[in-house]
Amino acid sequence: MAPKIRDFLVQNEWLLVVCLVLIFVLIRLPGVDLPLHQDEYKWPIIVNPANTGDMLIPHPPLSEFIYRNAGQIVGYNVNFRFIPLFFGAVNLILLYFLMKILFGRKEALIASFIWIFSYFSVLASLMVDTDGQILPFFFLLSLIGYYKLLESEGNKRYLWGGLLLASSICGFFVKVSFLLAICAILVDFLWSKKHLLSKNQALKYFTFIMVGVFGLGLLLFLAKFIFPFFDLSASFEYWKHFLIGDRGWFQTTIQCIKALFYTSPFLVLIPFLGSKNSFSKVGAFVFFLLFSFIFYILLFDFSIGALDRYLQLLILPLTVISTAVISKILDGDDRKYKGFLCLGMIVGLILILLQSVPHYVPSLHPKSDWIGRVLSLKWNFVYPFSGGSGPLGFYISFLFIALSWLVTFIFVAFGKIKTDYKKLVLVFLIPIGLTYNLVFTLEYLTGYFNGYAPGLLKEAVIYIKDNPDIKMVTVYNDNGGNEIQQIGKYRKRLYVDPKFDINNKIETLNKYKEHYFVLDVPRIDPTSVYQKYFNSCKNIYSKVDKKMSAVVYDCRDIPDIKI
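Using my numbering, read the sequence shown as starting at 1319 and increasing by one per residue.
Given below as structure tokens:
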């Protein structure tokens, strides 16, 4: 029966692609109504034509144009998540056909399954922003145009060249950082011609590059005449924030580590099993990763921004590069390796069972607490995942994360040293990689092991809405800020990062003696002045789900707090 189904899908490729898209969407469907978190809920407010506030999108105008027009279809609310989901599904189709162009159907299927099951891909296809799916959409179109242009002749070259040009301009008009993709394609082309370039050709290409740079700058300047909502001067002011100053290297490191955790050890480490031949067709993606590292880590300071969100750009190149390596290693059929697949499944099951080990819940600050636990190998604690652009917080066992990375690293290193065992290593690691990504996805969408913050938030908002005694609410970490704004009781948000002046914070706490809502992901330091303040308040509502809680405090009649 199975061979017949396989043969039918092979003969009806369009149906195969439809099935892949359905799997992609069904996995993500439970997340379309997740609360919009912090920067996410600003998008429907800013792009809604009915709003005339001072907030704006500090990027080129196409991203706002896309969300503004899509909002007329889905509504300017939580349904905005359908927009990145739509682009993610389209990107799956584009990725499939790009891999067919570069390699073949087998590689197209491998890349599609990675794109479907990767947790970072799941997060990116549900996050209201541009980095995760909209920028990759134009990158994929540019790549298809580029590779088809290289292999085409005659008038078809104009078609594919036009696609490359149009998608490059559109990508730049979504976000200036799309220059990384343009440069990666350009350098890949020049690298392929490095032994053939004459001085005249080099001068010609240099002239084209200068004209292109000038053209993009001119188009950006003229954009305000086509998109009246675009303010170029505001964009320049925003970009200044990322110029090199007092570099936040510690925060940059933390956000990079979080992005690596999202990406998974499988996608990050498997490429190291590749030989030189494995990378012969993926030069543009390697250059893209290199330029991204220089841009995001070395050249500019993104520690004040949502760097982990920007690094969603890792998904596409690592998917393609990993696919190239996997395909090369898995050539041929060797049944003796099936036993190692089963062994990998057993290890994956053990990693899942580690969730049942008692885990400590550290506060986010001071970071020395959980960093100390990492260094002392006390890994049985949960790590909080949240961000300024989402998601609303969830916990993952650090023991699970660390052992998954450790096992993958050890076996990849072994496969690199003992090259005859590469296939054994890969087959063993596939189920472990799948387990890692599925656990992240399950916890993000359902809070199965450690608690579900969206569920706690929903019940708390109902209580706050129905309680006439609650007039205004200050929201910890802005967890639920959008939902409380919608019921008209939002005062402001409260952040507890030690970088803020504690005296100003205490002054603000004493000024606003009202109701506070604390959804404790991440948890507040129990020895901090903030928890001391809340301990003096009256707890009027409390719900607990596994390792997280939602509490409403009545702080109207408490004395002033002091350090």
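Even glycine gets a Cβ: it sits at the ideal position worked out from N, Cα and C.
- Judged by DSSP in its simplified three-state form, lysine 1856 adopts strand.
- The alpha-carbon of lysine 1511 is positioned some 27 Å away from that of leucine 1591.
- Secondary-structure assignment with DSSP links leucine 1812 through a beta bridge to Tyr1794.
- For the 7 Å CB-CB criterion, valine 1638 and proline 1589 do not form a contact.
- Under the three-state reduction of DSSP, aspartate 1351 is assigned to coil, being neither helix nor strand.
- The residues Ser1486, in chain order, have a CB closer than 6 Å to that of isoleucine 1500 in the same chain once the five nearest residues on each side in sequence are set aside.
- Across the structure, glutamate 1469 and methionine 1417 are spaced so that their CA atoms are roughly 15 Å apart.
- The closest CA to that of isoleucine 1719, considering only Val1757, Leu1587, Gly1450 and Leu1608, is found on Val1757.
- Distances from the CA of proline 1367 to each of Ile1788, Leu1629 and Glu1382 were compared; the closest alpha carbon is that of Glu1382.
- One alpha carbon belongs to aspartate 1878, the other to tyrosine 1830, and they sit about 10 Å apart.
- Isoleucine 1858 and phenylalanine 1767 have their alpha carbons spaced roughly 27 Å apart.
- Around the beta carbon of asparagine 1409, a 10 Å sphere encloses 16 or more other beta carbons of the protein chains shown; the residue is thus reported as buried.
- Distances from the alpha-carbon of leucine 1724 to those of Phe1342, Gly1751 and Ile1615 put Gly1751 closest.
- Taking 7 Å as the cut-off, the beta carbon of leucine 1607 is found no closer than this to the beta carbon of proline 1583.
- Taking 4 residues as the minimum length, the alpha helix (DSSP H) runs contained wholly in the region 1391–1432 are 1400–1420, in order along the chain.
- DSSP places proline 1702 inside the beta strand (DSSP E), whose first and last residues are 1700–1703.
- Selection Phe1547, Pro1709, Ile1462 and Ser1460 evaluated against phenylalanine 1438 yields Pro1709 as nearest (Cα-Cα).
- According to the DSSP assignment, tyrosine 1655 belongs to no beta strand (DSSP E), since it is labelled neither H nor E.
- In this structure tyrosine 1465 is buried. Its beta-carbon is surrounded by 16 or more other beta-carbon atoms within 10 angstroms.
- Remark: fewer than three beta-carbon pairs, one from each stretch, lie closer than 8 Å, so the region 1657–1673 and the region 1614–1627 are not flagged as touching.
- In the three-state reduction of the DSSP assignment, aspartate 1626 falls in the helix class, which pools H, G and I.
- In the DSSP assignment, tyrosine 1678 is bridged to Phe1699.
- For glycine 1708, DSSP records a beta bridge to Gly1706.
- The beta-carbon separation of leucine 1514 and cysteine 1574, rounded to 38 Å, does not stay under the 8 Å limit for a contact.
- The Cβ-Cβ distance between tyrosine 1754 and serine 1722 falls below 7 Å.
- Taking C-beta atoms as the reference points, phenylalanine 1603 and leucine 1534 fail to come closer than 7 Å.
- Inter-residue distance for phenylalanine 1620 and aspartate 1796 is about 21 Å (C-alpha atoms, whole angstroms).
- The beta carbons of alanine 1778 and phenylalanine 1609 sit about 44 Å from each other, so the pair does not count as a contact at 8 Å.
- Non-local beta-carbon contacts of glutamate 1761 in its own chain, meaning distances under 8 Å to residues more than five positions away in sequence, involve Phe1712, Tyr1713, Ile1714, Phe1767 and Asn1768 in chain order.
- Cβ neighbours of aspartate 1815 within its own chain (closer than 7 Å, five residues either side excluded): His1683.
- Closest by C-alpha distance to histidine 1677, out of Ser1846, Ser1516 and Asn1698, is Asn1698.
- Taking a 10 Å sphere around the C-beta of glutamine 1519, we find fewer than 16 other C-beta atoms and assign the residue as exposed.
- In the DSSP annotation of this structure, leucine 1515 is not part of any alpha helix (DSSP H), being labelled neither H nor E.
- Separation of the CB atoms of phenylalanine 1852 and isoleucine 1802 is rounded to 17 Å, and the pair is thereby denied contact status at 8 Å.
- The beta carbons of serine 1704 and glutamate 1358 sit no closer together than 7 Å.
- Selection Ile1411, Gln1804 and Phe1547 evaluated against proline 1376 yields Phe1547 as nearest (Cα-Cα).
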